[in-house]
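Asker: Structure provided below as structure tokens; questions to follow.
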Amino acid sequence: MDFIELGKTGEKIPELGMGTWKIGAEPEKSLEALETGISLGMKFIDTAEMYGTEEIVGKAIKGNEIFVATKVSPHHFRHDDVIKACEASLERLDVKQIDLYQLHWPNKSVPVTETMRAMEELVKSGKVRHIGVSNFSIEELRDAQLCMKSSRIVSNQIEYSILDRDPENGMLEFCRKEGVTVIAYSPLAQGALYKRKNAKILGLLESIGKRHKKTPTQVALNFLLSSGVAAIPKASSKEHVTENAGAVGWRLTEAERSEVSSFLGGTGKGLQHGS
Ligand SMILES: NC(=O)c1ccc[n+]([C@@H]2O[C@H](COP(=O)([O-])OP(=O)(O)OC[C@H]3O[C@@H](n4cnc5c(N)ncnc54)[C@H](OP(=O)(O)O)[C@@H]3O)[C@@H](O)[C@H]2O)c1
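As numbered in this note's numbering, residues 1175 to 1449 make up the sequence shown, in order.
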């Protein structure tokens, strides 16, 4: 596994983790998939109170040293609600401390100062190690950071895939300069990559992949990782997890990255994302 620094903490986390949104329809299969990923070094698992998957994550991480990230939902952004939501997540995950606690989406109806005060208290009390955000714009990230007295926002979890390259319009650069780790969610465009209408893109990924003995999925994920971000694909089977794990340990060349970029054009907006 290759690693990426978390914010400016000096701590390294696996650059490829596992998402868990919508896993669990078949609990045993999902657990097996997570355990397979862990055995392959994907020791970074992302969940959220909203997903209903914290308990299954708790089972998968038992006895393993895993970097666990979860999220507080926007309707819990009042001070006391943040504290209660965190305590409930700790219980469901069956851990004493959350490695990365993220604000799931911005919520303009609650003053961000109040939310960040609660997040800092969670760090002080030892219930949370690091504070992250998700779906925050540059301005929202700056505002949230300014509210904090002693902690830094270490990460912003945002949508980023070869079908949605919007983060390349400033967010990646901002985060790189500020020392905020970008965590790419929906890195396989929620499966849209495999739709027939994206066959030409898959064809290109396949031809590049052949040079490295890699699959189109592995090339798509490697494209993100080589932009200096972490990624958290979700996979429900051990076969998919195993394939995803093969996105790590090698790099596309700059020429290949340019080949993909120029084929996709712009930032991927207008490409065939969706069902
Ligand atoms: N912060 C946020 O607001 C937010 C929003 C969305 C997602 N997320 C996080 O990001 C994670 C990943 O995003 P996502 O779940 O939206 O979508 P994703 O990871 O882009 O795509 C998941 C889809 O890709 C398929 N897949 C995975 N590996 C594959 C492989 N090797 N070959 C073929 N298909 C494969 C999965 O199928 P199978 O399930 O059949 O394996 C599933 O249909 C989530 O689980 C969640 O943790 C965060």
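Idealized CB from N, CA, C, for every residue including glycine. It should be emphasised that the depicted structure is a prediction, and the values quoted were computed from it without experimental measurement.
DSSP three-state call for K1186: helix, strand or coil?
Answerer: Within the sequence shown, residue 1186 is the residue found at index 12, counting from 1. Reduced to three states, the DSSP call for K1186 is strand.
Asker: Within the same chain, show all residues whose beta-carbon is closer than 7 Å to that of R1266, passing over the 5 residues directly before and after it, in chain order.
Answerer: The residue you call residue 1266 lines up with position 92 of the sequence shown. E1228, E1229, G1232.
Asker: If the criterion is Cβ atoms closer than 8 Å, does the pair G1211 and A1358 meet it?
Answerer: The sequence position of residue 1211 within the sequence shown is 37, counting from 1. The sequence position of residue 1358 within the sequence shown is 184, counting from 1. No, they are not a contact pair.
Asker: Excluding sequence positions up to five away, which residues of its chain have a Cβ less than 6 Å from the Cβ of F1437?
Answerer: Here residue 1437 refers to the residue found at position 263 when the sequence shown is read from its first residue. Taken in chain order, the residues that qualify are L1378.
Asker: Going straight from the alpha carbon of S1449 to that of A1366, what length do you get?
Answerer: Indexing the sequence shown from 1 puts residue 1449 at position 275. Indexing the sequence shown from 1 puts residue 1366 at position 192. Caution applies to S1449, whose pLDDT of 33 falls short of 50 and renders its modelled position unreliable; the model cannot decide the point.
Asker: Can you grab the Cα-Cα spacing for the pair G1439 / E1261, in whole Å?
Answerer: Counted from its first residue, the sequence shown places residue 1439 at position 265. Counted from its first residue, the sequence shown places residue 1261 at position 87. Computed Cα separation, rounded: 45 Å.
Asker: What is the C-beta distance between L1399 and V1422, in whole angstroms, given that I count them as a contact (C-beta under 8 Å)?
Answerer: On the sequence shown, position 225 is the one that residue 1399 refers to. On the sequence shown, position 248 is the one that residue 1422 refers to. That belief holds up - the Cβ atoms of L1399 and V1422 are roughly 7 Å apart, short of 8 Å.
Asker: Which ranges would you report for the alpha helix (DSSP H) in the stretch 1278-1343 if only whole runs of at least 4 residues count?
Answerer: The stretch 1278-1343 contains these whole alpha helix (DSSP H) runs: 1286-1298, 1312-1320.
Asker: Is E1417 near ligand 1, with its Cβ less than 7 Å from a heavy atom?
Answerer: For this step, residue 1417 is matched to residue 243 along the sequence shown. E1417: yes, Cβ under 7 Å from ligand 1.
Asker: Measure the Cβ-Cβ separation of S1329 and V1302 and say whether it is below 8 Å.
Answerer: The residue given as residue 1329 occupies position 155 in the sequence shown. The residue given as residue 1302 occupies position 128 in the sequence shown. Result no, Cβ atoms of S1329 and V1302 do not sit closer than 8 Å.
Asker: Expressed to the nearest angstrom, what Euclidean distance is found between the alpha-carbon atoms of I1375 and L1346?
Answerer: Counting from 1 along the sequence shown, the entry for residue 1375 is found at position 201. Counting from 1 along the sequence shown, the entry for residue 1346 is found at position 172. Rounded to the nearest angstrom, the two C-alpha atoms are 23 Å apart.
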